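Data block below; observations after.
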Amino acid sequence: MRLALLDPGMLRHQLSLEVMTPLADAHGGHTESWVEVAALFGMVEPVAADSIAGADQSLESVTHRITIRARPGLRSGMRFTRGTRAFVILTAHDPDETGRYLVCRTREEGL
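Following this note's numbering, the numbering of the sequence shown begins with 218 at its first residue and continues without gaps.
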């Protein structure tokens with residue numbers, strides 16, 4: 218197994234890790250509220266961008282790879298925020314099985 222070589226100085230983007238909490242509304246439904254669970258630093262790298270045209274609008278999709286120091290409890294469906302940008306976590310894996318880092322595939326929302 219090859220060790221993933223990563224300069225810790227590359228983890229320089231300040232991020233918030235958030236989890237979605239459903240809040241009940243007065244009509245029996247719920248609204249989504251995001252709550253910060255951690256402030257951390259990571260490396261944000263754009264990976265791909267797509268544009269799908271249809272119904273007089275285009276839907277933009279941008280994926281990023283975000284690398285952070287390993288932390289317990291991170292799972293798909295959570296998101297990172299950086300300023301006004303939000304990145305939903307699709308997958309997370311340990312690149313070299315050493316427990317040092319997590320590499321997250323994300324999709325940017327709100328484009």
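Even for Gly, the Cβ is constructed at its ideal location relative to N, Cα and C.
In this text the structure is predicted, and so the values were computed from the model without any measurement.
Helix, strand or coil at residue i [DSSP, three-state]
i: methionine 295; result: coil
i: proline 263; result: strand
i: proline 239; result: strand
Supposed close pair residue i, residue j - CB separation, criterion 8 Å
i: histidine 281; j: valine 261; result: 6 Å
Per-residue burial, residue i [other beta carbons within 10 Å of its own, 16 or more giving buried]
i: histidine 320; result: Position check: residue 320 holds valine in this sequence, whereas histidine was assumed. Buried, by the Cβ-count rule.
Spatial distance of residue i from residue j (CA atoms)
i: arginine 324; j: serine 293; result: 11 Å
i: proline 289; j: valine 279; result: 26 Å
i: proline 312; j: aspartate 224; result: 14 Å
i: isoleucine 269; j: serine 275; result: 5 Å
Own chain partners of residue i with C-beta closer than 6 Å, once the 5 adjacent residues on each side are dropped
i: methionine 227; result: Met260
i: alanine 255; result: Leu234
Residues of its chain near residue i, where Cβ-Cβ distance is below 8 Å and the 5 sequence neighbours each way are ignored
i: threonine 308; result: Ser293, Cys321 and Arg322
i: tyrosine 318; result: Ala221, Leu223, Thr284, Ile285, Arg286, Ala287, Asp311 and Pro312
Sequence-distant residues of its chain with Cβ nearer than 7 Å to residue i (five each side left out)
i: valine 264; result: Thr280, His281 and Arg282
i: alanine 241; result: His247
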